[in-house]
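The numbering used here runs 1101 ahead of the 1-based position in the sequence shown.
All C-beta atoms, glycine included, are put in the ideal place defined by N, C-alpha and C.
As structure tokens, the structure follows; a few thoughts come after it.
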Amino acid sequence: MKKLIFKSLLYALLLPMFPGILMAQDRYTESQTYILETPYDVPNLTPPDGKKVKNVILMIGDGMSLMHVYSAWTANRGKLNLDNCQVVGLAKTYCADKLITDSGASATAMATGQKTNYHYVGVDTEGKPLKSIIDLASENGKSTGIAVTCRLWDATPASFCCHNIDRENEAEIVTDYINCNADYVFGGGAKLFENREDGRDIFKELSNKGYQISRNWDEVAKIKSGKVFAVVDSIDTPLPKLRGDLLARASLKGIELLNQNANGFFMMIEGSQLDDYGHFNDLDLLMQETLDFDRTIGKIYEWAAQDGETLVIVTSDHETGGLTLIDGDKEEGRIVCKFSTDGHSGAMVPVYAFGPGSEKFNGIYENTAIFDKIKELLNL
1102 MKKLIFKSLL
1112 YALLLPMFPG
1122 ILMAQDRYTE
1132 SQTYILETPY
1142 DVPNLTPPDG
1152 KKVKNVILMI
1162 GDGMSLMHVY
1172 SAWTANRGKL
1182 NLDNCQVVGL
1192 AKTYCADKLI
1202 TDSGASATAM
1212 ATGQKTNYHY
1222 VGVDTEGKPL
1232 KSIIDLASEN
1242 GKSTGIAVTC
1252 RLWDATPASF
1262 CCHNIDRENE
1272 AEIVTDYINC
1282 NADYVFGGGA
1292 KLFENREDGR
1302 DIFKELSNKG
1312 YQISRNWDEV
1322 AKIKSGKVFA
1332 VVDSIDTPLP
1342 KLRGDLLARA
1352 SLKGIELLNQ
1362 NANGFFMMIE
1372 GSQLDDYGHF
1382 NDLDLLMQET
1392 LDFDRTIGKI
1402 YEWAAQDGET
1412 LVIVTSDHET
1422 GGLTLIDGDK
1432 EEGRIVCKFS
1442 TDGHSGAMVP
1452 VYAFGPGSEK
1462 FNGIYENTAI
1472 FDKIKELLNL
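See below:
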């Protein structure tokens, strides 16, 4: 309920700024048009063959479906960085107790290899804490990290680092970061790390655990080594046009620090706000965020292609908005779309793999298999 209230308030704030957001009664009858005025180049990238998998980067576009990807591809004149992937599979997203999942249950499936209940994060169906891929990688001597564009108490990052039977227990979830095994954490949500009702200063507690605390990008950029906990905004990071390439910069900074470990690393990167703009049924903001995520993918692919021992997996936790592409022109970069819901839908989601081990991700499988395949490839 808190998340829905938050989204409603944010929607109300955005409406005067972005008149393209349609009122609820018009969403499903009126089409929306988006044109990408300035398309970006996409280089051809091919990772080296025959290399072992030392590092894995899992990239999650929250709420992203094939329709989001194809719409963005059309807007960018028929090209995306995702086109460089070697293998594409499909993942089933249902959770333990509902056909239509939420980000908590779906991210938990990918993070831990177990289906769980709707709204659960990092726990099984009985509420017992589960070890995540971050925990296992850390236990095996690898460095670990996450970078997201949302508040860190939101469902996807929480599922990799925290444990709770309800994703809306936000203040409780934040305290779980004290015991998270991630070496690099980047996102928003400072609001619940300080000035808390329980009097705890989570930033101070994290500092006592050996983290360098960063409150803005300039502080993050200066760090050369060590553990980092960066919370750069009070709630979510800014809208795509306002934050620029922040996700790409934050992700590459994390890779730079984690890659100092000779044993390798695991990192989760999320394009978080796709989900929000799908809920808002705002095509303009949705495409801005989707294309920003693809540009970030391009930077990660470039790094992985040079490294040669890094597998990059790009997927989604579920589909949001019931997006349908009904018209457009890829020469003009114009798309015309409709939404069918302001919630999630039950579509299977694509899984793109780039780098050594990518052949493992072909086919149709449960979202829990993403965890299983990463665990196997990293010998955890």
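(message) Suppose you measure from the CA of residue 1451 to the CA of residue 1300; what does that come to, to the nearest Å?
(response) 43 Å
(request) May I ask you to verify whether the region 1379-1396 touches the region 1262-1281, counting CB pairs closer than 8 Å and requiring at least 3? (result) no
(request) Please report how far the alpha carbon of residue 1149 lies from the alpha carbon of residue 1458, in whole angstroms. (result) 11 Å
(request) Go ahead and pull the three-state DSSP assignment for residue 1405. (result) helix
(request) Indicate whether the contact test is met: 3 or more Cβ pairs, each with one atom in the region 1234-1246 and one in the region 1470-1480, closer than 8 Å. (result) yes
(message) Going by the DSSP bridge assignment, what does residue 1192 pair with across the sheet?
(response) 1450, 1466
(message) Rounded to the nearest angstrom, what separates residue 1427 and residue 1437 at their Cα positions?
(response) 6 Å
(request) State the CB to CB distance for the pair residue 1417 and residue 1161, rounded to an integer number of angstroms; the pair is presumed to be in contact (CB under 8 Å). (result) 6 Å
(message) Check this for me: beta carbons of residue 1367 and residue 1402, under 7 Å apart or not?
(response) no
(request) Out of 1360, 1328, 1343, 1294, point me to the one whose CA is closest to residue 1336's CA. (result) 1294
(message) So, at 6 Å on beta carbons, what are the nonlocal neighbours of residue 1249 in its own chain, with the 5 sequence-adjacent residues on each side left out?
(response) 1258, 1288, 1371, 1373
(request) Over the uninterrupted beta strand (DSSP E) stretch that includes residue 1186, give me the two end residues. (result) Where residue 1186 is concerned, there is no enclosing beta strand (DSSP E), given that its DSSP letter is neither H nor E.
(request) At 3 residues or longer, and completely inside the region 1241-1289: list those beta strand (DSSP E) runs for me, N to C. (result) 1244-1252, 1285-1289
(message) Check this for me: beta carbons of residue 1434 and residue 1144, under 7 Å apart or not?
(response) no
(request) Compare the Cα-Cα distances from residue 1291 to each of 1280, 1282, 1307 and report the closest residue. (result) 1307
(request) For residue 1341, name the three-state secondary structure that DSSP assigns. (result) helix
(message) On the CB-based measure, 16 or more other CB atoms within 10 Å of its CB, does residue 1342 come out buried or exposed?
(response) exposed
(message) Here's the rule I'm using: 16 or more other beta-carbon atoms within 10 Å means buried, otherwise exposed. How should residue 1186 be labelled?
(response) buried
(request) Might you give, ordered along the chain, the residues of its own chain that have their beta carbon closer than 7 Å to the beta carbon of residue 1302, omitting 5 neighbours on each side? (result) 1295
(message) If you measure between the beta carbons of residue 1447 and residue 1379, is that distance less than 7 Å?
(response) no
(message) Taking the straight line between their C-alpha atoms, what separation do you get for residue 1315 and residue 1132?
(response) 42 Å
(message) If you reduce the DSSP assignment to three classes, tell me which class residue 1331 lands in.
(response) strand
(message) Quick check on this structure: which residue in 1275, 1364, 1211, 1377 has the alpha carbon closest to the alpha carbon of residue 1340?
(response) 1377
(request) Express the C-alpha separation of residue 1476 and residue 1278 in angstroms, rounding to a whole number. (result) 22 Å
(message) Excluding the 5 residues flanking residue 1393 on each side, which residues of the same chain have their C-beta closer than 6 Å to its C-beta?
(response) 1341
(request) Within its chain, find whatever has a CB closer than 7 Å to the CB of residue 1410; leave out the 5 residues flanking it on each side and keep chain order. (result) 1152, 1153, 1154, 1155, 1156, 1457
(message) I'd like to know whether the C-beta atoms of residue 1275 and residue 1254 end up nearer to each other than 7 Å.
(response) yes
(request) Alpha carbon to alpha carbon, how far is residue 1220 from residue 1269? Give it in angstroms, no decimals. (result) 8 Å
(request) Assign residue 1465 to one of two classes, buried (16 or more other C-beta atoms within 10 Å of its C-beta) or exposed (fewer than that). (result) exposed
(request) Please classify residue 1169: does DSSP put it in a helix, a strand, or coil? (result) helix
(request) Grab the span of the beta strand (DSSP E) containing residue 1412 for me, first residue to last. (result) 1411-1416
(request) Tell me whether the beta-carbon of residue 1473 lies closer than 7 Å to the beta-carbon of residue 1228. (result) no
(message) Out of 1191, 1381, 1209, 1137, which one is the CA nearest neighbour of residue 1180?
(response) 1137
(request) Following the continuous beta strand (DSSP E) through residue 1350, name the residue where it begins and the one where it ends. (result) That residue, residue 1350, is in no beta strand (DSSP E); its alpha helix (DSSP H) goes 1347-1359.
(request) Starting from the C-beta of residue 1312, find all residues in its chain whose C-beta is less than 6 Å away, skip the five residues before and the five after it, and write them out in chain order. (result) 1328, 1330
(request) Can you tell me which of 1182, 1305, 1406, 1325 puts its alpha carbon nearest to the alpha carbon of residue 1399? (result) 1182
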